[in-house]
Every structure is written in structure tokens, then in C-alpha cells.
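Heads up: the structure comes next, in C-alpha cells.
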Amino acid sequence: MNYRRLGRSGLKVSELSFGSWVTYGNQVDRRAARELMAAAFDAGVNFFDNAEIYARGESETIMGAVLKDLAWPRIDYVVSTKFYWGMRTGPNNSNTLNRKYLLDAIDGSLRRLQLDYVDLVFCHRPDPHTPLEETVWAMSDLIDRGKALYWGTSEWSADEIRAAWLIADKRNLRPPVMEQPQYNLFHRKRVEQEYARLYEDLGLGLTTWSPLASGLLTGKYRNGIPADSRGAVDSYAFLRELLTDPGKNGLVGQLEGVAQDLGCTLAQLALAWCLKNPHVSTVITGASRVAQVTENMQAAEVAKRLDAAALARIDAIIGSNHA
16 MNYRRLGRSG LKVSELSFGS WVTYGNQVDR RAARELMAAA FDAGVNFFDN AEIYARGESE
76 TIMGAVLKDL AWPRIDYVVS TKFYWGMRTG PNNSNTLNRK YLLDAIDGSL RRLQLDYVDL
136 VFCHRPDPHT PLEETVWAMS DLIDRGKALY WGTSEWSADE IRAAWLIADK RNLRPPVMEQ
196 PQYNLFHRKR VEQEYARLYE DLGLGLTTWS PLASGLLTGK YRNGIPADSR GAVDSYAFLR
256 ELLTDPGKNG LVGQLEGVAQ DLGCTLAQLA LAWCLKNPHV STVITGASRV AQVTENMQAA
316 EVAKRLDAAA LARIDAIIGS NHA
């Protein structure tokens with residue numbers, strides 16, 4: 016496993032990491048989660064991604080229990096959480112990044128994760144109704160109080176990220192150091208174009224999500240939705256239109272030849288492609304079976320074989336103009 020600096024920070028994260036978004040509390044229980052996290056850790060993964068809203072807190076609860084069971088030294092792993100949507104309804108409980116909510120939310124996450132601090136904390140979406148300075152100040156305070164080590168954003172625009180960084184710089188506060196955007200062969204403009212100036216100007220790091228486009232890029236949805244797949248889970252019915260898109264599945268089929276020539280699976284090809292972007296600090300993978308973890312981790316070796324000619328073939332098939 017290779018380790019990359021999180022942007023311009025000194026923190027190093029495994030280039031392939033493990034997240035719990037669509038599995039923990041939905042497809043994966045505590046026993047299975049322990050097997051998956053142990054397999055990922057044994058492969059060199061040191062970053063485990065989570066969020067308050069995932070399975071409405073159950074994802075954090077499961078991960079916290081597993082971390083306690085496995086009893087790894089705290090210095091050996093990095094854990095994240097994210098805030099915005101909240102766990103309850105109410106004027107200061109949901110869809111906000113105000114100070115009251117953020118200072119309450121971090122305590123809830125730490126209880127569920129059974130940790131004294133999280134390494135990374137993200138503002139899960141921008142909040143147009145809270146002054147940005149209030150949010151930046153609150154996130155900086157979370158770090159100063161020892162409840163988080165670094166903060167960042169998720170799915171913010173380049174202008175919003177730059178504005179937050181400038182406020183922190185002006186007020187001598189902790190600046191955002193990372194962004195968590197969606198990034199895959201079908202979703203690339205924000206990472207490759209919109210954020211282009213931020214990598215050098217601000218030292219922005221990326222912890223990218225959905226490298227397989229929710230499973231579309233594995234090729235398993237080309238003939239419909241398998242009964243044991245994520246697409247068959249009722250709570251993820253919103254993904255079915257994407258997963259069964261005939262045009263995108265046709266393009267995935269064309270990638271099969273590239274994967275065969277490289278001696279890898281379609282999933283490994285898609286992950287390796289994300290790893291080729293030097294601005295990506297870590298690619299967050301997900302899995303519901305240990306075999307998937309093993310397959311995903313091999314993408315790091317595939318990336319070494321993914322040369323300019325292979326990348327050109329992929330661009331010729333997929334194109335570079337997707338959202």
C-alpha cells in the first residue's frame with residue numbers, strides 16, 4: 016500500500032481507503048464489519064470514512080464497536096465523520112452548519128465511535144443560510160478543543176472552499192485542508208476542472224467517493240439488477256436509474272477489453288484510473304464481502320500498469336466531458 020499526504024498537510028493516508036456509506040447498518044452488521052475492516056487494515060488501509068447521517072448514526076456505532084474490538088493503536092488509523100443533515104428535525108438540528116449544531120454533533124459522533132477525537136471532520140454540504148465565518152470559526156474550534164485534527168468540506172464549490180480558506184487565513188483560524196467530492200469515470204469535471212487552481216493555491220487534498228459510480232463501473236448491472244447487489248436494497252432504490260442506464264452500461268462493456276489487456280477486473284480498472292490522478296489523496300472504497308476488499312486492494316498494482324496508452328484508450332471510450 017502506498018501512502019499519500021492529505022493535500023499540503025503532514026497527515027499520510029492510504030491511497031485506497033475504506034468507507035461505510037451504503038453498507039454499515041444496511042447490508043453489513045457488526046460481525047461482517049469487523050471482518051471487512053480487518054481485511055482492509057491487513058492490506059495497509061489506514062483511513063476509515065464515516066458520517067453522522069450514514070444509517071442515521073448506526074454506521075458510526077458499528078464502526079466504533081469494531082474499532083474497540085480490534086483494539087488497534089490509535090496512531091495507526093485515521094477516522095472521519097461528516098456533519099450537515101443532522102440526526103433529528105428542528106431549526107438547529109438539521110440541514111445546517113451553525114455553531115450550535117456543529118458543537119453538539121461532534122460530541123454525538125465521538126460517543127458513537129467511542130473515540131476521544133476524529134482525525135478528519137467534514138462539512139458534508141454547504142449551508143447557504145449560516146454565515147460562512149460562523150462555520151469556519153466553529154470548525155476551527157473543534158480542532159482547538161481536541162475533538163478533531165483536520166477539517167474540510169464535501170461537495171462544496173471551488174468558490175465556497177476558497178472563501179472559507181480566506182476567512183480562516185484572515186482570522187488566523189484553522190483552514191479547510193481537504194474536500195470529499197464524487198470522482199469516477201462518469202463524474203470528473205469538478206475534480207479535474209473546477210478545483211484545478213485549488214491544489215496549488217490552497218494545497219487542497221481530496222478524499223474521493225464513489226469511484227465505481229455506486230457499482231455501475233463493476234459491470235454487474237449490464238443485464239439488470241442482481242438480487243444480492245446494492246441496487247436491490249430498497250433504501251437505495253434512488254440509484255437504480257443510474258445503475259441500469261443503457262448508455263453508460265454500454266460504455267462499461269467497452270471497457271472490458273482494456274481490463275482484459277491489463278489482466279484486471281472492471282472494478283480494479285476504475286479504481287486504478289482514480290489513483291492515477293496525483294491530486295487524489297485517497298480513493299474511498301466500499302465492500303459488503305471480504306472478497307470485494309481483496310479485489311479492490313489489488314487496484315494499486317493495476318495502477319502501475321495503467322500507462323498513457325491505456326489511459327488514452329479509456330478516454331476514447333468514456334470521453335472526458337462527463338459531469
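Take the sequence shown: its letter number 119 is residue 134 in the numbering used here, and every next letter is one higher.
For every residue, glycine included, the Cβ atom is placed at its ideal position computed from N, Cα and C.
Pair within 8 Å by beta-carbon distance, residue i and residue j
{"i": "L277", "j": "L321", "result": "yes"}
{"i": "L125", "j": "A302", "result": "no"}
{"i": "A274", "j": "L213", "result": "no"}
{"i": "A179", "j": "V151", "result": "yes"}
{"i": "L380", "j": "A318", "result": "Residue numbering for the chain in the displayed model covers 16 to 338; residue 380 lies beyond these limits and cannot be assessed."}
{"i": "L13", "j": "A153", "result": "Past the boundaries of the shown model lies residue 13; the chain is included only from 16 to 338, so the question cannot be answered."}
DSSP bridge partner residues for residue i (one or two, in chain order)
{"i": "G59", "result": "None, per the DSSP bridge assignment."}
{"i": "G167", "result": "F137, M193"}
{"i": "D84", "result": "D84 is not bridged to any residue."}
{"i": "N107", "result": "Answer is none; N107 lacks a bridge partner."}
{"i": "G34", "result": "D64"}
{"i": "L221", "result": "E194, V295"}
{"i": "Y236", "result": "Y236 is not bridged to any residue."}
{"i": "Y18", "result": "S29"}
{"i": "V93", "result": "F62"}
{"i": "T300", "result": "F33"}
Nearest candidate by alpha-carbon position, reference residue i, set the options
{"i": "E170", "options": "P190, C138, Y69", "result": "C138"}
{"i": "G218", "options": "V273, Q197, S296, D159", "result": "S296"}
{"i": "T300", "options": "L326, G234, G230", "result": "G230"}
{"i": "D57", "options": "A315, I332, T309", "result": "T309"}
{"i": "V298", "options": "L31, M16, G59, V133", "result": "L31"}
{"i": "K162", "options": "A80, N17, S95, L254", "result": "S95"}
{"i": "I329", "options": "G272, W87, W100", "result": "G272"}
{"i": "N292", "options": "V305, V206, D260, L258", "result": "V206"}
{"i": "H144", "options": "Y99, L270, R304, R23", "result": "Y99"}
{"i": "A342", "options": "E175, L258, A306", "result": "An answer regarding residue 342 cannot be provided, because it is not within the stretch 16 to 338 covered by the chain."}
{"i": "F201", "options": "K263, M312, E209, T104", "result": "K263"}
Span separating the alpha-carbon of residue i from that of residue j
{"i": "G34", "j": "P190", "result": "24 Å"}
{"i": "F63", "j": "V93", "result": "6 Å"}
{"i": "G268", "j": "V60", "result": "30 Å"}
{"i": "L232", "j": "L281", "result": "7 Å"}
{"i": "Y132", "j": "A331", "result": "45 Å"}
{"i": "L326", "j": "R45", "result": "39 Å"}
{"i": "N199", "j": "I333", "result": "11 Å"}
{"i": "R237", "j": "G265", "result": "8 Å"}
{"i": "P88", "j": "P261", "result": "47 Å"}
{"i": "E149", "j": "I182", "result": "10 Å"}
{"i": "I240", "j": "Q42", "result": "16 Å"}
*Contact between the segment 61-80 and the segment 105-114: three or more CB pairs below 8 Å?*
no
*asked:* I want to know whether the segment 276-292 touches the segment 214-229 - three or more CB-CB distances under 8 Å.
replied: Yes, the segment 276-292 touches the segment 214-229.
_the segment 157-169 contacting the segment 135-149, beta-carbon criterion three pairs below 8 Å_ = yes
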